[in-house]
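Chemist: This is the structure I want to talk about, given as structure tokens.
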Amino acid sequence: MTEAILLVGGQGTRLRPLTSHTPKPLLPVAGVPFLAHQLARAAAAGVTRIVFATSYLAELFEAEFGDGAGFGLELEYVTEEVALGTGGAIRNAAERLRCAPDEPVLVFNGDILSGLDIAALLSNHRASGADVTLHLKTVADPRAFGLVPTDTSGRVVAFLEKPQTPEEIVTDQINAGCYVFTRSVIDRIPADRVVSVERETFPELLSSNAFVQGVVDDSYWLDLGTPAAFVQGSADLVRGIVASPALPGPTGEALVLPGARVHPSAVLSGGTVVGAGAEIAEGAVIEGSVVLPGAKVAARVSVHASVVGRHAQIGEESSLDAAVVGDGARIGAGNELSPGLRIACGAVLPAHSVRTSASPAPCAEQSVAFSGVPHASSAAH
Ligand code: GDD
Ligand code: MG
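Right, dumping it as structure tokens:
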């Protein structure tokens, strides 16, 4: 039996308003809840049992995946009344593991789309005798991640979460959000209090000379924590750039889910997904975007690299570029939503009220909550 812990208790702040009612790991990505891809990949790699560490909107996970039989997995759910942080969540979920102290346990962040060879990471951990094995990636800009410098043998020498100063950027290797822990190491994390695995557990293991190793690979990897990454991950799955056993249709330029209606003159490309019950009217052009179930996109609308929320409506001849429209929002005709703009769930945007040329280009992501009178404010993240 190979067991895993899945960390899914975060609030998905950077994906608001999409995560107002749906936890990030359950947002539809390439037509299915994101975790379906992770669960299918874990099962294919020989994982048999997964404990979900939930907190934010906890009850929705079991409602979606039940006992896991659909994936050939045994699933269990543990809920933190108060979020315990990543390390506290791992410790808390470990109460439900069945394996022996010397056996390996996989730990996954719940928002990573990757082509990692999970079975190879496990056998590497077993062969090396490491206390913890971390999957690492090299990235161009590591500032949003945990930095993990290693020596020439792959032994981790430091762990710097979200570096703040240029001096702290000592490597382009980052923590890719998948670990193998020898179970007894998890049992030493303090119980019943908030612990960050990145800021507390890993640095402490290193200062006590534990054997923490890093394994870098060049497989596909994306953290879906931001709107741009969310649409990119979905489009890459649809186009077959990263494989998933959970993809609900053939790969191609677009995935149209059963029950969606797309006018023959509409053009869908770039890995666009049109969710169940959504409608795309004549002459609409949708590129590399996610149209969630029940949304309505009117005639001659153009949508690029954007997300249209569940049951949202986009009026005729509007355009969206790298924008996010929350669930149930109504965008009147002739609006131009520019990069970074987010429209709150249920907001109503009158016709012709936002035009790129009439307003200064936002230098940071902005959120807009309209209730008739527009007002803009900086997003939390
Ligand atoms: N159960 C539980 N409780 N889960 C949590 C909690 C908590 O208190 N806090 C966060 N999580 C879960 C999130 O749901 C997510 O699946 C995972 O832990 C990581 O949280 P993120 O909020 O996505 O963190 P991040 O992306 O900023 O950084 C993490 O991932 C990077 C790789 O994508 C860190 O692990 C970085 O070191 C890493 O580089
Ligand atoms: Mg993340």
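Using my numbering, read the sequence shown as starting at 24 and increasing by one per residue.
All C-beta atoms, glycine included, are put in the ideal place defined by N, C-alpha and C.
#1: Using alpha carbons as the reference points, say which of Q61, A153 and A67 lies closest to A233.
#2: Would you check whether the ligand MG has a heavy atom nearer than 7 Å to the C-beta of D134?
#3: Which residue spans inside the segment 42-71 form an unbroken alpha helix (DSSP H) run of at least 4?
#4: Can we count F253 as close to the ligand GDD, meaning its CB is less than 7 Å from some heavy atom?
#5: Give every residue of the same chain whose Cβ lies closer than 7 Å to the Cβ of N147, excluding the five residues on either side of it in the sequence, and list them in chain order.
#6: Under 7 Å from any heavy atom of the ligand GDD, does the C-beta of I28 make it?
#7: Look at A27 and F131 and say whether their C-beta atoms are less than 8 Å apart.
#8: Tell me the residue span of the alpha helix (DSSP H) that contains E26.
#9: I need the DSSP call for F75, collapsed to helix, strand or coil.
#10: In the DSSP output, which residue or residues are listed as bridge partners for S292?
#11: What is the C-beta distance between G300 and P51, in whole angstroms, given that I count them as a contact (C-beta under 8 Å)?
#12: What residue range does the alpha helix (DSSP H) around R37 cover?
#13: Quick check on H148: does DSSP put it in helix, strand or coil?
#14: Between D246 and the ligand MG, is the CB less than 7 Å from at least one heavy atom?
#15: Taking just the CA atoms, how far does A356 sit from S382?
#16: Closer than 7 Å: is that where the CB of L107 sits relative to any heavy atom of the ligand GDD?
#17: Just tell me which of L360, L280 and T42 has its CA closest to the CA of D134.
#18: Compare the beta carbon distance of A304 and A318 with 8 Å and say whether it is the shorter of the two.
#19: Should E310 be labelled buried (16 or more other beta-carbon atoms within 10 Å of its own) or exposed?
#20: What does DSSP give as the partner residues of Q336 in its beta bridges?
#21: Using a threshold of 8 Å, state whether the C-beta atoms of W244 and K185 are closer than that.
#22: Based on DSSP bridge pairs, tell me the residues matched to P127.
#23: List the endpoints of the continuous beta strand (DSSP E) containing I135.
#24: Please work out which residues of its chain come closer than 8 Å, Cβ to Cβ, to R353, disregarding the five sequence neighbours upstream and downstream, and give them in chain order.
#25: Among residues of its own chain, excluding the 5 on either side of E99, which ones have a beta-carbon nearer than 6 Å to its beta-carbon?
#26: Under DSSP, the beta strand (DSSP E) around G237 begins and ends at which residues?
#27: Which residues bound the alpha helix (DSSP H) around A258?
#28: Leaving out the 5 sequence neighbours to the left and right, which residues in its chain are closer than 6 Å to G54 when beta-carbon positions are compared?
#29: Give the DSSP-derived three-state secondary structure of S361 in the structure shown.
#30: Counting only the same chain and skipping the five closest in sequence on each side, list residues whose C-beta sits under 6 Å from that of A117.
#31: Please name the residue or residues paired with H327 in a DSSP beta bridge.
#32: Tell me the residue span of the beta strand (DSSP E) that contains E190.
#33: CB-CB under 6 Å to T249, same chain, minus the five flanking residues each way: which ones, in chain order?
#34: May I have the straight-line CA-CA distance separating L30 from H286, to the nearest angstrom?
#35: DSSP three-state label for E302, please.
Modeler: Walking through what the data contain:
#1: To locate residue 233, count along the sequence shown from 1; it is residue 210. Nearest option by C-alpha distance: A153.
#2: Along the sequence shown, read from residue 1 onward, the residue named residue 134 stands at position 111. For D134, the shortest separation between its Cβ and any heavy atom of the ligand MG lies below 7 Å.
#3: Taking only runs of at least 4 residues, the alpha helix (DSSP H) segments lying wholly in the segment 42-71 are 57-67.
#4: On the sequence shown, position 230 is the one that residue 253 refers to. Within 7 Å of the C-beta of F253 there is not a single heavy atom belonging to the ligand GDD.
#5: Taking the sequence shown and counting its residues from 1, one reaches residue 147 at position 124. So the qualifying residues of the chain are T156 and V238.
#6: Taking the sequence shown and counting its residues from 1, the one referred to as residue 28 is at position 5. For the ligand GDD, not one heavy atom lies less than 7 Å from the Cβ of I28.
#7: In the sequence shown, residue 27 corresponds to position 4, counting from 1. In the sequence shown, residue 131 corresponds to position 108, counting from 1. It is a contact, given that the beta carbons lie within the stated cut-off.
#8: Against the sequence shown, residue 26 aligns to sequence position 3. Here E26 belongs to no alpha helix (DSSP H); instead the beta strand (DSSP E) covers E26 to L30.
#9: Taking the first residue of the sequence shown as position 1, residue 75 is located at position 52. Reduced to three states, the DSSP call for F75 is strand.
#10: To locate residue 292, count along the sequence shown from 1; it is residue 269. Answer is E310.
#11: Looking up residue 300 in the sequence shown gives position 277. Looking up residue 51 in the sequence shown gives position 28. Contact between G300 and P51 fails: their C-beta atoms lie close to 12 Å from each other, not under 8 Å.
#12: Position 14 of the sequence shown, counted from the first residue, corresponds to residue 37. Boundaries for R37: no alpha helix (DSSP H) harbours it, and the DSSP string shows neither H nor E there.
#13: Taking the first residue of the sequence shown as position 1, residue 148 is located at position 125. Helix at H148.
#14: Residue mapping note: residue 246 aligns to position 223 of the sequence shown, counting from 1. Because some heavy atom of the ligand MG lies under 7 Å away, the Cβ of D246 counts as near it: yes.
#15: Position 359 of the sequence shown, counting from 1, holds the residue named residue 382. Position 333 of the sequence shown, counting from 1, holds the residue named residue 356. With a pLDDT of 49 at S382, under the threshold of 50, the modelled position of this residue cannot be trusted, and the question is left open.
#16: Counted from its first residue, the sequence shown places residue 107 at position 84. For L107, the distance from the CB to the nearest heavy atom of the ligand GDD is below 7 Å.
#17: For the purposes of this step, residue 134 is identified with residue 111 of the sequence shown, where counting begins at 1. Residue nearest to D134 within the set L360, L280 and T42 is T42 (criterion: CA-CA distance).
#18: As a first step, residue 304 is located in the sequence shown; it is residue number 281 there, counting from the start. As a first step, residue 318 is located in the sequence shown; it is residue number 295 there, counting from the start. Note that the C-beta distance between A304 and A318 is not below 8 Å.
#19: On the sequence shown, residue 310 is found 287 positions in, with the first residue counted as 1. E310 comes out buried.
#20: Numbered from its first residue, the sequence shown carries residue 336 at position 313. Q336 pairs with K319 and R353.
#21: Walking along the sequence shown from the start, residue 244 turns up at place 221. Walking along the sequence shown from the start, residue 185 turns up at place 162. Not a contact, by the Cβ cut-off of 8 Å.
#22: Here residue 127 refers to the residue found at position 104 of the sequence shown. T205, per the DSSP bridge assignment.
#23: Numbered from its first residue, the sequence shown carries residue 135 at position 112. Unbroken beta strand (DSSP E) run through I135: I135 to S137.
#24: On the sequence shown, position 330 is the one that residue 353 refers to. The beta carbon of R353 sits closer than 8 Å to those of A335, Q336, G338, A370, V371 and L372, all from its chain and outside the five residues before and after it, given in chain order.
#25: For the purposes of this step, residue 99 is taken as the residue at position 76 of the sequence shown. Cβ neighbours of E99 beyond the five flanking positions: V74 and R119.
#26: Here residue 237 refers to the residue found at position 214 when the sequence shown is read from its first residue. First-last of the beta strand (DSSP E) with G237: V235 to V239.
#27: In the sequence shown, residue 258 corresponds to position 235, counting from 1. Judged by DSSP secondary structure, A258 falls within the alpha helix (DSSP H) whose first and last residues are P250 to V261.
#28: To locate residue 54, count along the sequence shown from 1; it is residue 31. Result list for G54: P271, L278, L280 and V296, in chain order.
#29: Mapped onto the sequence shown, residue 361 falls at position 338. Three-state DSSP puts S361 in coil, outside helix and strand.
#30: The residue given as residue 117 occupies position 94 in the sequence shown. So the qualifying residues of the chain are I209.
#31: Residue 327 sits at position 304 when you count from the first residue of the sequence shown. Answer is E310 and D344, bridged to H327.
#32: Translated into the one-based positions of the sequence shown, residue 190 becomes position 167. Unbroken run through E190: none, as it is neither H nor E.
#33: Counting from 1 along the sequence shown, the entry for residue 249 is found at position 226. For T249, the CB contacts under 6 Å within the same chain, skipping 5 residues up- and downstream, are R37 in chain order.
#34: Here residue 30 corresponds to residue number 7 of the sequence shown, with the count starting at 1. Here residue 286 corresponds to residue number 263 of the sequence shown, with the count starting at 1. Taking the straight line from one Cα to the other gives about 40 Å.
#35: By 1-based counting over the sequence shown, the position of residue 302 is 279. E302: strand per DSSP, three-state reduction.
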